[in-house]
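In the working numbering, the protein residues as written are 1 to 318.
Contents: one structure, followed by commentary.
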Ligand code: HEM
């Protein structure tokens, strides 16, 4: 009996160790995950983001985009933050585009000083995103925590999973659907384009060739985005209130002032028109749906079998 019980204890211990090592133990995320292990976490992240946004308001947008690009590639596992082999940073949608990595590094350094080897980079990114949005006027919410960091990056998945600015509505619905997000989630999450900047190369064809665009708006954008050259020149995604997180993205769409082809696809006679109208007149509904969809996106887990850990440096595996 004693032999049996000690052997079964050994087996259970082995199973737990294997599950933890492989990251297969997908525990439910919880807002209280670090309540005792890192009680100052929320304060540290908030202060780091407050400083970064004060230096440059656009940083709220840049960090929000990092979270999206992390979560759509093998779940929210900090894989986007890794330098080196197979890096996602070098994938098409991120190269010379994704930014804000130093801000996450700086916050991680502060977090490590307070609670060593405890908080994942993926969780820091999730919290920093929430704080950035809130600091520029958006809603706040309680962030489920307990994500773990992958040991590898997935460059080809980044190329495959992230939608481009020329995407059709059908493509957007399909690509978000592949991540377990429905069309309503997709339309609410696209409201993230109420903040931030884009390079000319991503909206040039829209402002020179498309017909479902406001003429004054197209002319305005053409002033700093020439037919050739100026690829990296910047324009605000939201022409109305560039640095404020509000529902102006949707009022812009109603006036055919979406910057990307993919933006205007949400209001072009298709299935999302009614929801865009709703968000344009009801900021409370938009904020509520945005938060719901952000939490849903933040719950996307790494594929079974992904090896995970709490990274000490967000740029490399331990
Ligand atoms: C629906 C499909 C989407 C497409 C096709 C798309 C595409 C793009 C592109 C091309 C840029 C400009 C990048 C550059 O100029 O370097 C951009 C910027 C941005 N995107 Fe999206 N995006 C999409 C959805 C999202 C989602 C779901 C979020 C977040 C929840 C998001 C957040 C942002 C933010 C905040 C920026 C500005 C970043 C900055 O200023 O640094 N996007 N997006």
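We treat Cβ as the ideally placed atom computed from N, Cα and C, and that holds for glycine.
No experiment lies behind these values; they were computed from the predicted model shown.
Beta-carbon proximity list for residue i, same chain, < 7 Å, skipping 5 on both sides
i: residue 300; result: 71, 75, 76, 179, 180
i: residue 273; result: 267
i: residue 91; result: 155, 158, 159
i: residue 239; result: 217, 252, 257
i: residue 22; result: For residue 22, the predicted structure reports a pLDDT of 43, less than 50, and the residue's modelled location is therefore unreliable. The matter cannot be settled from this model.
i: residue 52; result: 59, 103
i: residue 165; result: 202, 203, 260, 261, 262
i: residue 316; result: 82, 83, 84
i: residue 173; result: 183, 186
i: residue 314; result: 78, 81, 104, 105, 108, 121
i: residue 27; result: 146
i: residue 117; result: 310, 312
i: residue 31; result: 142, 143, 144, 145
Nonlocal neighbours in the same chain, by C-beta distance under 8 Å from residue i, ignoring five residues either side
i: residue 44; result: 107, 110, 111, 114
i: residue 276; result: 187, 250, 253, 254, 266, 267
i: residue 285; result: 278, 279
i: residue 58; result: 195, 196, 197, 243
i: residue 220; result: 239
i: residue 283; result: 246, 247
i: residue 161; result: 72, 73, 175, 178, 179
i: residue 303; result: 74, 75
i: residue 169; result: 265, 266, 268, 270, 271, 272
Endpoints, the beta strand (DSSP E) within which residue i is located
i: residue 325; result: Here the chain covers residues 1 to 318 and nothing more, so residue 325 does not appear.
i: residue 197; result: 197-199
First through last residue of the alpha helix (DSSP H) which encompasses residue i
i: residue 62; result: 59-71
i: residue 280; result: 273-281
i: residue 125; result: 121-135
i: residue 112; result: 101-114
i: residue 44; result: 41-55
i: residue 213; result: It is not in any alpha helix (DSSP H) - residue 213 carries neither H nor E in the DSSP assignment.
i: residue 301; result: Residue 301 -> no alpha helix (DSSP H), and no H or E assigned at all.
i: residue 168; result: First-last for residue 168: undefined, no H or E at that position.
i: residue 185; result: 183-190
i: residue 263; result: 261-264
i: residue 81; result: Premise fails: residue 81 is in no alpha helix (DSSP H) and is neither H nor E.
i: residue 156; result: 155-161
i: residue 205; result: 204-209
Close-in-space but distant-in-sequence residues of the same chain around residue i (CB under 6 Å, 5 per side omitted)
i: residue 287; result: 139
i: residue 213; result: 256
i: residue 46; result: 131
i: residue 175; result: 163
i: residue 147; result: 76, 120, 122, 123
i: residue 99; result: 62
i: residue 33; result: 145, 146
i: residue 207; result: 218, 221, 222
Strand pairing of residue i, partner residues [DSSP]
i: residue 235; result: 198
i: residue 320; result: Examination of residue 320 is not possible in this model, given that the chain is present from 1 through 318 alone.
i: residue 254; result: DSSP, once it has assigned bridges, lists no residue as partnering residue 254.
i: residue 30; result: 145
i: residue 316; result: 313
Below-7 Å beta-carbon distance, residue i vs any chain C residue
i: residue 150; result: Among the chains of the structure shown, chain C does not appear; only one protein chain is present.
Task: the stretch 256-264 touching the stretch 285-305, judged by at least three CB pairs closer than 8 Å - done: No: fewer than three Cβ pairs fall under 8 Å.
Task: Inter-stretch contact (C-beta, 8 Å, three-pair minimum) for the stretch 224-239 and the stretch 136-145 - done: Contact between the stretch 224-239 and the stretch 136-145 is absent, because fewer than three Cβ pairs lie under 8 Å.
Open item on the list: Under 8 Å: do the stretch 95-105 and the stretch 175-195 share three or more Cβ pairs, one atom per stretch?
Closed with: With a cut-off of 8 Å, the stretch 175-195 and the stretch 95-105 do not count as touching, because too few Cβ pairs lie within range.
- [ ] Please determine if the stretch 54-66 and the stretch 144-151 are in contact, where contact requires at least 3 C-beta pairs separated by less than 8 Å.
- [x] Counting Cβ pairs under 8 Å, fewer than three are found: no touch.
- [ ] Evaluate the contact criterion for the stretch 25-40 versus the stretch 78-97: three or more CB pairs, one atom per stretch, below 8 Å.
- [x] The stretch 25-40 makes no contact with the stretch 78-97, as fewer than three CB pairs between them are under 8 Å.
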